[in-house]
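Asker: Following our numbering, the numbering of the sequence shown begins with 193 at its first residue and continues without gaps.
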Amino acid sequence: MGFRGEASLQWMRWQLSVAALMLIASTGVVQGYPFRYGTMNWTPNKEADPLGVDFYFEGAFRRDFGWGSSGFEEWSTGPNATYNRLKTQNVTAQDLETLQCNTWLIQGSDPATFPAACTQLTVTPEQGYYVKFDVSHPSLDAVGSANQLCTDPLAITSTAGGCLPWNDVHGFYFGDGSSLELELELSSVLSDNSVTGNYVIGRGRFYHAYPASSSDGAGTPYTAFFMGGDRESIYQNNADGRYRLEAEVLLTIFNRSPVLRMLPVMPLVKSGLTEVTFTIPGYDPDSGDSLTFSLGTPAQMGGVTNYTTIKKASKAAFPSGSDVLGITEFQSPNEIGGLILNSITGVVTMPVTNLVDGFYQLAVSLKDGHQASVSADFTIYLMSNAPSFCSKGCLPNEAGVLTAMDSDGLYDGCSICGGPDSIATDFNKCKPSFSLRNITSG
193 MGFRGEASLQ WMRWQLSVAA LMLIASTGVV QGYPFRYGTM NWTPNKEADP
243 LGVDFYFEGA FRRDFGWGSS GFEEWSTGPN ATYNRLKTQN VTAQDLETLQ
293 CNTWLIQGSD PATFPAACTQ LTVTPEQGYY VKFDVSHPSL DAVGSANQLC
343 TDPLAITSTA GGCLPWNDVH GFYFGDGSSL ELELELSSVL SDNSVTGNYV
393 IGRGRFYHAY PASSSDGAGT PYTAFFMGGD RESIYQNNAD GRYRLEAEVL
443 LTIFNRSPVL RMLPVMPLVK SGLTEVTFTI PGYDPDSGDS LTFSLGTPAQ
493 MGGVTNYTTI KKASKAAFPS GSDVLGITEF QSPNEIGGLI LNSITGVVTM
543 PVTNLVDGFY QLAVSLKDGH QASVSADFTI YLMSNAPSFC SKGCLPNEAG
593 VLTAMDSDGL YDGCSICGGP DSIATDFNKC KPSFSLRNIT SG
């Protein structure tokens, strides 16, 4: 097994320790589409078919955005339960609640105006629930047809030659003209409303048999991808953008893809620093494979950064390019200025002197020596100061949350107090670790 960067065991230990940092307190709930993180990898399944492949998908999404409300996803309470979504509403129904939901859908599905009548078909999911993502176009044909994805992600409308704009396409595609309604089991739920929490992690495994060992018969890999939108407006780069996770699949020899695994939201403290560093954890299950890390391409960053702004401006006019905000064209996604990724070690160096606190998007790719590659898209939360860790909880006037360890009593009520604006190791935010008892004589 080939590794780059930190060893997997060390990474897992670090991941458990940093999980506490992910519970920084925050107030309110941000609005927007719930994507936080995603990646996939694959391995041949020659027992099922000589060209068969098993895909493994992992993604994190905001927990409380109202699953089932966007029209692109469905939810169920278990593997055999009925899926629910607003799109299943009967458009001919005459009852007031159904008409209110239909009107909301037709007018653009703006979360800010979500009607209470629609809540019966939406949910804040729990562990063990399932979510399923639809496919906008079940088949994407070869280049040159009107049912192909435009080569230019910034195209708002179909070109004269015929293609589908990126803003009109969502779902999972295998890269050979076929697609899949992606179904994920929610295996982990972080239900606190902290700025770096409040998400669910969904995982899924699914099979596909390709028609040939390469996409063109000459050794060019297939590009499997999962794309959608819209990214939330809270990001300092690529706010309101799209996302697109990719995997390059080549079956000319037996080879398994590299694997990337990330924290959905990685908190980084910049106090007193000009730059911060961290390692992208990636490995290859095939011993001896060479590995190359790289920053994500514009396509792997989603292709578009102001998708939501245009979409919400006027759904009736979209995708004509005419909107009330005067925005008539898409913009390319932006990298984090000055960020460097070491192609051999996977170490990221991120200058922070000129960066404000907040959320940042970063996409990376990992490729082996046999043209198999995978990408990952995750969120960075940059903050000026570290929070305070308190063994007995926070003072009444200090924001704070319990750590994930409290349920089994490991830290006896350990809390993170003060949030991202606190001063590191400022224990004045903590409750005293002792108590005074009145002593009476008797």
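Glycine is no exception: its CB is placed at the ideal position from the N, C-alpha and C atoms.
Computed from a predicted structure; not experimentally measured.
1) Do Phe418 and Gly230 have their C-beta atoms within less than 8 angstroms of each other?
2) For the beta strand (DSSP E) holding Asn385, just list the boundary residues, first then last.
3) Ser379: buried (16+ other C-beta within 10 angstroms of its C-beta) or exposed?
4) Assess contact between the segment 315-332 and the segment 352-365, defined as three or more Cβ pairs (one per stretch) separated by less than 8 angstroms. Is contact present?
5) For Asp408, does the count of other Cβ atoms within 10 angstroms reach 16, so buried, or fall short, so exposed?
6) Can you give the Cα-Cα distance for Val461 and Val566, rounded to whole angstroms?
7) Take the Cβ of Pro242 as the centre, count every other Cβ of all protein chains shown within 10 Å, and call the residue buried at 16 or more, exposed below.
8) Would you call the segment 553-566 and the segment 480-492 in contact, with 3 or more CB pairs under 8 angstroms?
9) By the 10 Å Cβ neighbour count, where 16 or more other Cβ atoms means buried, how is Gly394 classified, buried or exposed?
10) So, Asn577 versus Ser463, is the Cβ gap smaller than 8 angstroms?
11) Measuring alpha carbon to alpha carbon, tell me which residue in Leu531, Asp569, Arg448, Asn429 is nearest Asp549.
12) In whole angstroms, give me the CA-to-CA distance for Cys622 and Gly389.
13) Tell me the residue span of the beta strand (DSSP E) that contains His492.
14) Note down the Cα distance separating Asp635 from Gly538, rounded to an integer number of angstroms.
15) Exposed or buried, what is Phe249 when buried is set at 16 or more other beta-carbons lying within 10 Å of its beta-carbon?
16) Could you give the residue range of the beta strand (DSSP E) that holds Trp234?
17) Tyr414: buried (16+ other C-beta within 10 angstroms of its C-beta) or exposed?
18) With H, G and I counted as helix, E and B as strand and the rest as coil, what does DSSP make of Asn276?
19) Please state the DSSP three-state secondary structure of Asp360.
20) Could you check what DSSP says for Ser268 in three-state terms: helix, strand or coil?
21) Excluding five sequence neighbours on each side, which residues of the same chain lie with their C-beta closer than 6 angstroms to the C-beta of Asp476?
22) Is the Cβ-Cβ distance between Val381 and Gln319 less than 8 angstroms?
23) Can you tell me whether DSSP reads Arg453 as helix, strand or coil?
24) So for Pro242, helix, strand or coil by DSSP?
25) Use the C-beta contact count for Leu356: other C-beta atoms within 10 angstroms, 16 or more gives buried, fewer gives exposed.
26) With His400 as the anchor, note down where its beta strand (DSSP E) starts and where it stops.
27) For Arg228 versus Val457, is the C-beta spacing smaller than 8 angstroms?
28) Is it buried or exposed, Leu465, if we count other Cβ atoms within 10 angstroms and call 16 or more buried?
29) Output the distance between the C-alpha atoms of Phe522 and Gly354, rounded to the nearest integer angstrom.
30) Report the CB separation of Asp432 from Thr497 in whole angstroms; it is logged as a contact under 8 angstroms.
31) Strictly under 8 angstroms for the Cβ-Cβ distance: is Tyr573 near chain B by that measure?
32) How about Gly367 and Ala410: are their beta carbons less than 8 angstroms apart?
33) So, is Gly494 buried or exposed, given that buried needs 16 or more other C-beta atoms within 10 angstroms?
34) Can you tell me the Cα-Cα spacing of Lys324 and Gly244, whole angstroms?
35) Kindly indicate which residue of Asn233, Trp267, Tyr321, Lys238 has the alpha-carbon position closest to the one of Tyr402.
36) Which whole-angstrom value describes the C-beta separation of Leu346 and Ser524, a residue pair presumed to lie in contact below a C-beta threshold of 8 angstroms?
Answerer: The short version:
1) For the purposes of this step, residue 418 is taken as the residue at position 226 of the sequence shown. For the purposes of this step, residue 230 is taken as the residue at position 38 of the sequence shown. For the pair Phe418 and Gly230, the CB atoms are nearer than the 8 angstroms cut-off.
2) What you label residue 385 is simply residue 193 of the sequence shown in a count that begins at 1. Element bounds for Asn385: n/a, residue is neither H nor E.
3) For the purposes of this step, residue 379 is taken as the residue at position 187 of the sequence shown. Within 10 angstroms of the beta-carbon of Ser379 lie fewer than 16 other beta-carbons, which makes it exposed.
4) Touching, yes.
5) Within the sequence shown, numbered from 1, the residue matching residue 408 stands at position 216. By the neighbour-count rule (16 or more Cβ atoms within 10 Å), Asp408 is not buried but exposed.
6) What you label residue 461 is simply residue 269 of the sequence shown in a count that begins at 1. What you label residue 566 is simply residue 374 of the sequence shown in a count that begins at 1. One C-alpha to the other measures close to 28 angstroms.
7) The sequence position of residue 242 within the sequence shown is 50, counting from 1. So Pro242 ends up on the exposed side.
8) Verdict: yes, contact present.
9) Taking the first residue of the sequence shown as 1, we reach residue 394 at position 202. So Gly394 ends up on the buried side.
10) Along the sequence shown, read from residue 1 onward, the residue named residue 577 stands at position 385. Along the sequence shown, read from residue 1 onward, the residue named residue 463 stands at position 271. Yes, the Cβ-Cβ distance between Asn577 and Ser463 is below 8 angstroms.
11) Locating residue 549 in the sequence shown gives position 357, where the first residue counts as 1. If we check each option's Cα against that of Asp549, Asn429 comes out closest.
12) What you label residue 622 is simply residue 430 of the sequence shown in a count that begins at 1. What you label residue 389 is simply residue 197 of the sequence shown in a count that begins at 1. Rounded to the nearest angstrom, the two C-alpha atoms are 21 angstroms apart.
13) Working through the sequence shown from its first residue, we reach residue 492 at position 300. In the sequence on display, residue 492 carries Gln and not His. That residue, Gln492, is in no beta strand (DSSP E); it is neither H nor E in DSSP.
14) The displayed coordinates of the chain run from 193 to 634. Any statement about residue 635 would go beyond what the structure contains.
15) For the purposes of this step, residue 249 is taken as residue 57 along the sequence shown, with counting starting at 1. By the neighbour-count criterion, in which 16 or more other beta carbons inside 10 Å mark a residue as buried, Phe249 falls on the buried side.
16) Translated into positions along the sequence shown, residue 234 becomes position 42. Segment 227-236, the beta strand (DSSP E) holding Trp234.
17) As a position in the sequence shown, residue 414 is number 222, starting the count at 1. Per the 10 Å Cβ criterion, buried.
18) What you label residue 276 is simply residue 84 of the sequence shown in a count that begins at 1. Strand, per DSSP.
19) Taking the first residue of the sequence shown as 1, we reach residue 360 at position 168. The answer is helix: DSSP assigns Asp360 an H, G or I state.
20) One-based indexing of the sequence shown puts residue 268 at position 76. In the structure shown, Ser268 sits in a strand (DSSP, three-state: E or B).
21) On the sequence shown, residue 476 is found 284 positions in, with the first residue counted as 1. Excluding sequence neighbours, Asp476 sits near Gly194, Pro450, Leu483, Asp560.
22) Here residue 381 refers to the residue found at position 189 of the sequence shown. Here residue 319 refers to the residue found at position 127 of the sequence shown. In contact: Val381 and Gln319 (Cβ atoms closer than 8 angstroms).
23) Here residue 453 refers to the residue found at position 261 of the sequence shown. Coil, per DSSP.
24) Along the sequence shown, read from residue 1 onward, the residue named residue 242 stands at position 50. Residue state for Pro242 is assigned as coil, using DSSP reduced to three classes.
25) Along the sequence shown, one-based indexing puts residue 356 at 164. The residue is buried, with at least 16 neighbouring Cβ atoms inside 10 Å.
26) As a working mapping, residue 400 is identified with position 208 in the sequence shown. Boundaries of the beta strand (DSSP E) harbouring His400: 391-401, taken from the DSSP string.
27) Numbered from its first residue, the sequence shown carries residue 228 at position 36. Numbered from its first residue, the sequence shown carries residue 457 at position 265. Yes, these two residues count as a Cβ contact at 8 angstroms.
28) By 1-based counting over the sequence shown, the position of residue 465 is 273. A residue is called buried when at least 16 other Cβ atoms come within 10 angstroms of its Cβ; Leu465 does not meet this threshold and is exposed.
29) If you number the sequence shown from 1, residue 522 lands on position 330. If you number the sequence shown from 1, residue 354 lands on position 162. Approximately 19 angstroms between the Cα atoms of the pair.
30) Here residue 432 refers to the residue found at position 240 of the sequence shown. Here residue 497 refers to the residue found at position 305 of the sequence shown. Contact between Asp432 and Thr497 holds: CB atoms are separated by about 7 angstroms, below the 8 angstroms threshold.
31) The structure shown has no chain B; it contains just one protein chain.
32) On the sequence shown, residue 367 is found 175 positions in, with the first residue counted as 1. On the sequence shown, residue 410 is found 218 positions in, with the first residue counted as 1. Their beta carbons are not under 8 angstroms apart, which means Gly367 does not touch Ala410 by this criterion.
33) Translated into the one-based positions of the sequence shown, residue 494 becomes position 302. Around the beta carbon of Gly494, 16 or more other beta carbons lie within 10 angstroms, which makes this residue buried.
34) Taking the sequence shown and counting its residues from 1, the one referred to as residue 324 is at position 132. Taking the sequence shown and counting its residues from 1, the one referred to as residue 244 is at position 52. Straight-line Cα distance between these residues: approximately 23 angstroms.
35) Position 210 of the sequence shown, counted from the start, is the residue given in the question as residue 402. Taking the Cα of Tyr402 as reference, the smallest distance to any Cα among Asn233, Trp267, Tyr321, Lys238 is reached at Lys238.
36) The residue given as residue 346 occupies position 154 in the sequence shown. The residue given as residue 524 occupies position 332 in the sequence shown. Contact flag correct, Cβ pair sits at about 7 angstroms.
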